[in-house]
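K.L.:
Using the numbering used here, read the sequence shown as starting at 426 and increasing by one per residue. Just so it is clear, CB atoms sit at the ideal spot from N, CA and C, and this is done for glycine as well. Small disclaimer: the values here were computed from a predicted structure and weren't measured. My questions all concern the structure below.
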Amino acid sequence: MDVLKGIPVSPGVIIGRTFLVEEEGHRIARRTIAPEAADAEVSRLDEALEASAEELRQQMDTARETLGRETAEVFGFHLGMLSDPTLIEPIRQRIREEHISAEHALTQAFNDLVTRFRAMTTDAFRTKVDDVWDMEHRVLRHLIGEHHSRLLEITEPVIVIARDMTPSQTAGLKNDKVQAFATDAGGRTSHTSIFARALGIPAVVGLENVTKHASEGQAVIVDGDRGIVILDPDPQTVAQYEQFRERHERFVQSLKKVACLVAETTDGTRIHLHGNIEFPHEVDGLLANEGEGVGLYRTEFLYLTGGDVEPTEDDHYEAYCDALRRLRGLPLTIRTLDLGADKYTQAQAREPERNPFLGCRSIRYCLQHLPLFKQQLRAILRASIEGDVRIMFPLICSTQEFRQAKMILRDVMEDLEDEAIPFDRDVPVGMMVETPSAALMANTFAQEADFFSIGTNDLIQYTLVVDRTNERVANLYTGAHPAILRLIRATVKAGKRFDIPVSLCGELAGEVDYTMLLIGLGLRNLSITPAGIPRVKQVIRSVDVGVCERLARKVGSFDSSHQVLTHLRKATRELVPDVFETDSR
Ligand code: PEP
Ligand code: MG
């Protein structure tokens, strides 16, 4: 039994079997295959070898013309290696005899070769080590490129184990088959984690080396509440978890009763709960939990799930109308494209950036790609007559940016007018407050925006200088940092002063430890993953605004996130012990 500790990002406990997904450039886990699949696996290897050889022949021709004969010979050496039977034949043999994946057999053989080269006394051999890695990388790229489609071919319920998952891979998971996933990389607010929660798939990320420990088809428990993954659990542990699962199920059922009640504090203050969605069909789950509208529609998912085909204006329009139809008059806050960083894989980008979270992402990307931006704005405006639409611009850092975005919106309005296409001229236009600069200038922005939505996921990352997707610094990523509290307070205050609505749509809004604090800081609108609504509602219905305000003032005087969080947890547990049912193990 192997117990690994990671970051809990999507609740629920699943007991099942592992399914390994490899990623180019990373450790290859030992994946076994069925004996009858060995021939097909050898063919897969041969095809990858042939594709690599073809690529090398082309590169060799180009190099001969541009760099000369001698340099081109480097590729000749690589080509020779790929057709060397003393290297390749043992790989085929291992696949047939040990029933292991082509990737694993290949990395084993290349590792052995590197060990032999390193042991040689002459420099000539030792310098060949880089060539061997290069070759391994090349063949794996061909094997794994094809392998990625494995995720789509899952036919039986499995637990996916991977080094990392992209947000689009996660969003495309079939949740009737993928029961849970566990990854080496990731953080609590990386988009992969956010979608796992949206899909209701239990997940643990940031395990650092689960791919090293796991092997294909192994029994595994994923505990998404506590961030624990247990490989080869013993019968006693399985029995404990089975019991917990039953209790958890009863807890989820009891929460369903809370879902239909009003989100009102004990002194009668209404807190409005909206939902964060990535796809229109999520509106149904939101309404089932009595959400009052969509506070954040992450429209970039139209781009992330369509393969290489970019959505057309009509694709946008259809998606927005679909969401509006489902909402039956409730508001839909459409956030314009927030592509970039972890939501536009660098492989997709024409020119990968060195520092994508600080690069050309989000509104910056839109302002540099006007046809793409205008296409979306046209679709939103066309849909604006079909329901209660609001437009929100992401990652605003400066007034110029916000003004420029609004100016482009006006241009699009004029175009539509010229074409006699109807739209709502008074559509509210707001902005995300998710950068320290926007929060610090909230008083200025509040005079130009129709509403604010505080995006704590990015606000935390940019204020505390912690990459939200990096497991190595996940312990530094916290909404309880006094600086974050001050920025939220300043933004709420600016909203009140200039009389514009302020909502909070980062993941913090769904974390029950923070509910009292957020109410105490003056927030009356929260937007969260639909499935998280009942728990937050339960806290809201158990607390008094005066108590929350006192709590916010008290923790506001602390100088460390540890102190703040400890105090918040204690206060919430005392007042609403039932929402922590899942922790009582
Ligand atoms: C945020 O940054 O808090 C937010 C809600 O946006 P996203 O998670 O899509 O970056
Ligand atoms: Mg954000």
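Closest by CA to residue 916, which one among 936, 905 and 928?
P.N.:
Distances from the alpha-carbon of residue 916 to those of 936, 905 and 928 put 928 closest.
K.L.:
With residue 445 and residue 636 assumed to form a contact (beta carbons below 8 Å), what rounded beta-carbon distance in angstroms separates them?
P.N.:
7 Å
K.L.:
Would you say the beta carbon of residue 953 is closer than 7 Å to some non-hydrogen atom of the ligand PEP?
P.N.:
Residue 953: no, Cβ never under 7 Å from the ligand PEP.
K.L.:
For residue 722, does the three-state DSSP call read helix, strand or coil?
P.N.:
strand
K.L.:
Determine the extent of the alpha helix (DSSP H) in which residue 756 is found, giving its start and end residues.
P.N.:
Premise fails: residue 756 is in no alpha helix (DSSP H) and is neither H nor E.
K.L.:
Give a single yes or no on whether residue 819 has its beta carbon closer than 7 Å to a heavy atom of the ligand MG.
P.N.:
Within the cutoff, so yes.
K.L.:
Where does the unbroken beta strand (DSSP E) through residue 673 begin, and where does it stop?
P.N.:
First-last for residue 673: 660-684, but that is the alpha helix (DSSP H), not the beta strand (DSSP E).
K.L.:
Alpha carbon to alpha carbon, how far is residue 962 from residue 866? Give it in angstroms, no decimals.
P.N.:
If I take the Cα positions, the gap works out to 31 Å.
K.L.:
How far does the beta strand (DSSP E) with residue 818 in it extend, from its first residue to its last?
P.N.:
814-818
K.L.:
So is the beta-carbon of residue 791 under 7 Å away from any non-hydrogen atom of the ligand PEP?
P.N.:
Because no heavy atom of the ligand PEP lies under 7 Å away, the Cβ of residue 791 does not count as near it: no.
K.L.:
For residue 932, which residues of its own chain have a beta-carbon under 6 Å away from its beta-carbon, when the five flanking residues on both sides are left out?
P.N.:
614 and 882
K.L.:
Please report how far the alpha carbon of residue 761 lies from the alpha carbon of residue 585, in whole angstroms.
P.N.:
32 Å
K.L.:
With a threshold of 16 other CB atoms inside 10 Å of the CB of residue 759, please say whether the residue is buried or exposed.
P.N.:
buried
K.L.:
Measuring only from the beta carbon, is residue 936 closer than 7 Å to any heavy atom that is part of the ligand PEP?
P.N.:
no
K.L.:
Could you check whether residue 757 and residue 814 sit closer than 8 Å to each other, using their CB atoms as the reference points?
P.N.:
yes
K.L.:
DSSP puts residue 442 in a beta bridge; with which residues?
P.N.:
Note: residue 442 sits in a beta bridge opposite 644.
K.L.:
Candidates 607, 850, 603 and 840: which alpha carbon is nearest residue 809's?
P.N.:
850
K.L.:
Going by C-alpha to C-alpha distance, which of 780, 874 and 937 sits closest to residue 921?
P.N.:
874
K.L.:
How do the region 708-728 and the region 684-693 stand: do at least 3 beta-carbon pairs fall below 8 Å, yes or no?
P.N.:
yes
K.L.:
Excluding five sequence neighbours on each side, which residues of the same chain lie with their C-beta closer than 7 Å to the C-beta of residue 831?
P.N.:
854
K.L.:
Nearest to residue 650 by CA position, among 434, 747 and 864, is which residue?
P.N.:
434
K.L.:
From residue 907 to residue 583, what distance separates their C-alpha atoms?
P.N.:
41 Å
K.L.:
Could you check if residue 880 belongs to the surroundings of the ligand PEP, using beta carbon to heavy atom distance under 7 Å?
P.N.:
yes
K.L.:
Using a Cβ distance threshold of 8 Å, determine whether the region 794-806 contacts the region 735-746, with at least three qualifying pairs required.
P.N.:
yes
K.L.:
Taking the straight line between their C-alpha atoms, what separation do you get for residue 948 and residue 978?
P.N.:
Going from the Cα of residue 948 to the Cα of residue 978 covers about 14 Å.
K.L.:
Return the residue from the list 728, 724 and 763 that minimises the CA-CA distance to residue 748.
P.N.:
724
K.L.:
Is the Cβ-Cβ distance between residue 763 and residue 592 less than 8 Å?
P.N.:
no
K.L.:
Quick one: residues in its chain with C-beta nearer than 8 Å to the C-beta of residue 792, no 5 flanking neighbours on either side, listed in chain order?
P.N.:
798, 826, 829, 830 and 833
K.L.:
Looking at chain D, is there any beta carbon in it that lies within less than 8 Å of the beta carbon of residue 681?
P.N.:
Absent here is chain D; the protein component of the structure consists of one chain.
K.L.:
Give the range of the beta strand (DSSP E) segment to which residue 855 is assigned.
P.N.:
854-858
K.L.:
Name the two residues that bound the continuous alpha helix (DSSP H) containing residue 618.
P.N.:
616-624
K.L.:
Can you say whether residue 971 is buried or exposed, counting buried as having 16 or more other CB atoms within 10 angstroms of its CB?
P.N.:
Taking all protein chains shown into account, residue 971 has fewer than 16 neighbouring C-beta atoms within 10 Å of its C-beta and is therefore exposed.
K.L.:
So what does DSSP say about residue 952, is it helix, strand or coil?
P.N.:
strand
K.L.:
So is the beta-carbon of residue 857 under 7 Å away from any non-hydrogen atom of the ligand MG?
P.N.:
yes
K.L.:
Determine the contact status of residue 956 and residue 563, defining contact as a CB-CB distance below 8 Å.
P.N.:
no
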